[in-house]
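Each position in the sequence shown, counted from 1, maps to that position plus 6 in our numbering.
Think of the CB as a built atom: it goes at the ideal place given N, C-alpha and C, for glycine as much as any other residue.
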Amino acid sequence: MTAPSPDPNRPILAIVGHGMVAHHCVEQLVADGALARYRIDVYGEETLPAYDRVHLSEYFAGRDAASLRLGSEADYRHEGLALHLGVKVTALDRARRTLATSAGERRYDKLILATGSYPFVPPVDGADGTSRLVYRTLADLDQIRAAAAGARRGVVVGGGLLGLEAANALRQLGLEAHVVEFAPRLMPAQLDAEGSAALRARIEALGVHVHVSCATESIKPGQRYRHRMNFVGGEALETDLVVFSAGIRPRDELPKLGGLAMGARGGVAVDECCRTSDPDIYAIGECAVWEGQIFGLVAPGYQMARVTASQLCGDGSLRFQGADMSTKLKLLGVDVGSIGDAQGATPGARSYRYIDEAGASYRRVVVSEDGKRVLGAILVGDNSYYDTLLQYTVNAMAAPAEPASLILPAAGGPPLLGADALPDGAVVCSCHNVSKGAVCAAIDGGCATLGDLKACTKASTGCGGCAALLKQVFEHEQARRGVKVDKSLCEHFAYTRQELYALVRVGAIDSFDELLRRHGRGSVGCDICKPVVASILASCWNQPIQDPKRVVLQDTNDMFMANMQKNGTYSVVPRIAGGEITPEKLVALGRIGQKYGLYTKITGGQRIDFFGAQLHELPDIWSELIEAGFETGHAYGKSTRTVKSCVGSTWCRYGVQDSVKMALNLENRYKGLRAPHKLKFAVSGCTRECAEAQSKDIGVIATERGWNLYVCGNGGMRPRHAELFATDLDDAGLIRAIDRLLMFYIRTADKLQRTSVWRESLEGGLDYLKDVILEDSLGLGAELEAQMQAVVDSYECEWANALSDPEKLKRFRTFVNQRGGDPDIVFVDERGQKRPADMKRLAGQDAAGAAENTAQGGGRIIPLIEESLS
């Protein structure tokens with residue numbers, strides 16, 4: 007059906023603000039046909055179009071502003087829709103229906119206020135002298151980045167959600183990060199005392215310093231740092247910069263000037279239709295207050311936007327009746343979840359708590375007095391319980407007979423609420439208010455893939471927290487309709503990784519081309535299947551990855567056998583098995599690092615990491631390392647990385663076994679082993695656990711009678727404690743168990759699946775894994791051991807192999823027509839070593855120098871990579 011042409015004389019609908027909520031409102035208005043009724047003018051104070059503030063912290067992790075943008079330019083190319091960026095609205099005249107803006111006076115007939123909020127900066131003496139850094143917009147982040155140049159320490163005032171995000175930003179900028187919170191605990195609005203304590207333990211373990219119950223009295227010039235923060239009670243903390251993140255306040259200047267009814271603590275008052283006291287003016291998002299409450303999350307703002315669009319151009323049936331404020335977050339890499347009545351404020355509410363002090367994990371479920379309803383929950387350290395607890399809460403589903411079962415550890419992972427148990431009205435995506443019924447309708451309407459479903463419903467395109475639940479519902483509904491759920495690796499292979507592994511093993515296939523010819527489709531493969539097949543071939547046959555028929559399968563890091571860094575240089579990590587190294591080798595490392603001007607750091611896995619090597623330098627550096635007795639540490643591969651150890655019984659008065667010797671045995675046995683994901687080990691010489699073995703994929707702890715084996719733990723994006731697998735093993739029994747377990751993991755895991763996630767996916771959980779590995783219930787033990795021994799026997803240092811072949815060395819050149827490095831790579835000094843320069847900052851400070859570099863041809867030469875692979 008063709009849409010009617012818009013009437014040029016139609017009334018003007020003005021929207022003040024262009025953040026996430028305003029953008030969503032525009033989308034809803036356009037979809038509902040508003041342009042046939044109104045001309046729409048959108049005024050944005052920032053010069054950038056609407057961007058994703060939920061993932062703002064990713065800007066410091068390398069994500070650019072363009073990738074954070076919401077929607078596209080085409081969204082605002084409709085006739086009758088005008089977006090005015092960099093225009094500030096300063097006054098509202100309701101009698102004349104005009105807006106005073108920085109671009110002149112503008113008229114409106116209907117008005118939507120979506121001005122959002124501003125960061126609250128406490129009235130602290132001297133705060134202005136710190137440039138009042140806040141954490142709210144991209145411009146704010148640019149100011150923080152500039153202030154961090156040359157700084158050593160940064161402090162965030164505020165231990166709430168945004169405060170911890172800001173602390174992570176400071177950490178990413180290389181500063182010593184501190185958080186100062188007025189309340190006695192972190193995230194007081196979302197977490198109880200125990201949950202906050204678990205969160206604090208985790209983020210302090212990451213190196214962020216936390217100060218609670220601290221009220222900042224004044225900020226004065228410091229002695230060792232730029233500023234000195236003085237706290238009530240006499241304590242003080244010096245810092246180079248201060249970022250204020252002490253809460254938000256609604257941007258309500260316009261409604262105040264316009265004489266609209268206001269909330270008791272600020273914000274413009276709205277009714278259930280999101281109307282203000284003026285029936286022609288609406289307010290949505292953080293500037294609006296409904297029944298005394300301001301909603302600081304994006305999902306309630308989106309709900310308000312939908313209600314307003316319904317009132318202006320729909321049937322007017324939608325009403326705003328409050329919003330679920332449940333949140334699932336990852337703060338500094340730590341999972342945090344808060345659902346419903348998380349703190350048990352409901353009269354008669356009862357709680358069940360699970361506290362793991364060793365692992366700094368905490369779970370709490372709040373139920374009604376009769377135990378029949380789940381009212382809320384708190385999660386710190388593991389959000390895998392979140393989706394199930396959320397659905398029980400928001401859909402008022404009958405709680406299990408034993409509510410504690412919803413949070414207690416169990417074999418096979420947390421309890422999952424099956425998609426079939428969800429009612430059609432259950433909200434799968436709260437950001438876009440997508441119910442299970444809407445998902446089912448979209449599938450019935452032709453959505454055959456998860457991508458189609460997201461595009462059609464917009465589910466999981468907001469904060470992304472519902473991705474796992476959406477996938478679960480989609481696959482369940484597909485299966486219920488008799489549609490086989492496609493779990494193909496990619497368009498070229500209609501098999502899972504596990505199935506491809508079996509085909510390679512059984513068919514003795516040793517090349518990608520042969521596998522594609524016999525079991526795939528097409529002729530070239532893609533960026534998904536090539537690295538997966540490369541890993542499988544390496545796990546099975548352990549042949550050099552630099553050989554011509556295999557090197558084309560590798561990703562950048564494996565192709566050049568080094569980790570590419572953010573400025574285009576590479577890191578070099580020689581293997582230091584068990585962390586044991588002679589003084590002679592230390593001297594050799596120092597000499598090499600000094601010769602090539604490499605930034606040098608000791609890693610958390612007891613190795614030396616060199617940063618800043620250019621591509622053409624890698625062969626020379628590795629030639630000298632190998633001559634000094636080193637070999638590749640596989641820091642670039644999905645393979646065995648390190649085996650960390652304490653000094654054990656050799657030196658420590660508490661040690662009961664020789665942990666260093668065992669660490670050496672394990673690292674030398676499994677070095678070069680390729681797997682679906684990286685592998686880290688540790689061996690502790692006693693139960694004092696100085697090597698932190700219980701956070702590793704394979705952890706070994708000495709006992710008086712042998713070794714205890716812990717498996718499937720890891721840090722990273724989803725930290726998980728390792729589980730006790732076997733006790734008091736002798737040396738041979740330990741090696742046998744690890745051989746079997748690692749080969750079984752390599753055989754059955756999905757692509758890029760950590761051992762922790764693999765273990766959680768096993769039907770039967772840890773008990774099943776014990777039966778397979780320790781009891782040999784599948785009769786695979788001897789086969790798995792033989793396969794591991796074949797990998798061990800065929801080990802070869804990949805860099806030594808490459809250095810012996812002139813053809814392979816041709817790949818290590820930056821440019822086709824010159825032998826040198828990239829002149830566009832710039833370093834600056836920091837703490838006595840070099841680090842990558844902030845090129846954006848340098849460009850602003852020295853545009854002439856940058857122009858001169860470009861004129862000399864820096865970075866304008868065709869790279870050699872394509873030629874060398876052709």
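Which one of the options has the shortest CA to CA distance from residue i?
i    : options                   : result
G431 : S411, N401, D458 and D450 : N401
E483 : A444, C496, H622 and D321 : A444
D277 : L459, S466, V386 and F326 : F326
Q227 : E244, V662, E836 and F237 : It should be noted that the sequence gives Pro, not Gln, for residue 227. P227 has its Cα closest to that of E244, out of E244, V662, E836 and F237.
L595 : A634, G343 and G574       : A634
E171 : K336, L91, L247 and V218  : K336
Y141 : L62, V763 and F818        : L62
D492 : T455, L459, A508 and R486 : T455
Q150 : L621, R177 and S655       : Per the sequence shown, the amino acid found at residue 150 is Ile instead of Gln. Closest option to I150, Cα to Cα, is R177.
A355 : L381, R370 and A364       : L381
A80  : P415, L748, H29 and C803  : H29
V798 : M749, L91, E769 and W805  : M749
S701 : A71, D134, V163 and A211  : A211
Y49  : L117, R370 and L396       : L117
V127 : S224, D198 and G77        : S224
S517 : A540, G526, A508 and F499 : A540
A410 : I361, G164, D458 and L775 : I361
State the start and end residues of the unbroken alpha helix (DSSP H) segment that holds residue i.
i    : result
F518 : F518 to H525
E630 : L624 to E633
G513 : R503 to G513
Y392 : Y392 to V400
N174 : L167 to Q178
V557 : P554 to V557
I598 : P589 to K601
T245 : That residue, T245, is in no alpha helix (DSSP H); its beta strand (DSSP E) goes A242 to T245.
S529 : S529 -> no alpha helix (DSSP H), and no H or E assigned at all.
T761 : T761 to S767
For residue i, does the three-state DSSP call read helix, strand or coil?
i    : result
H184 : strand
R694 : coil
P55  : coil
K846 : Any reading at K846 needs caution, since the residue's pLDDT is 41, under 50, leaving its predicted position unreliable; the model's value is listed next. The answer is helix: DSSP assigns K846 an H, G or I state.
D777 : helix
H29  : helix
Y660 : coil
P409 : helix
S202 : helix
S655 : helix
Y676 : helix
A152 : helix
Within 10 Å of its beta-carbon, does residue i have 16 or more other beta-carbons around it, so buried, or fewer, so exposed?
i    : result
P261 : buried
W296 : buried
K94  : exposed
Q229 : exposed
K601 : exposed
N15  : exposed
R897 : Given a span of 7 to 876 for the chain in the structure shown, any question on residue 897 remains unanswerable.
L592 : exposed
V834 : exposed
A109 : exposed
N317 : Note that residue 317 corresponds to Gln in the displayed sequence, not to Asn. With 16 or more other Cβ atoms within 10 Å, it is buried.
Q34  : buried
T222 : buried
Kindly indicate the opening and closing residues of the beta strand (DSSP E) around residue i.
i    : result
M235 : H233 to F237
G705 : I704 to T709
S466 : From DSSP, S466 is part of no beta strand (DSSP E); its letter is neither H nor E.
C435 : V433 to C435
V797 : Here V797 belongs to no beta strand (DSSP E); instead the alpha helix (DSSP H) covers G787 to D799.
Report, in whole angstroms, the separation of the C-beta atoms of residue i and residue j, which I expect to be a contact under 8 angstroms.
i    : j    : result
K684 : K644 : 5 angstroms
L780 : A743 : 7 angstroms
L183 : L247 : The question names Leu, yet the displayed sequence has Ala at residue 183. 11 angstroms between Cβ atoms; not a contact.
M26  : G307 : 7 angstroms
C220 : F188 : 7 angstroms
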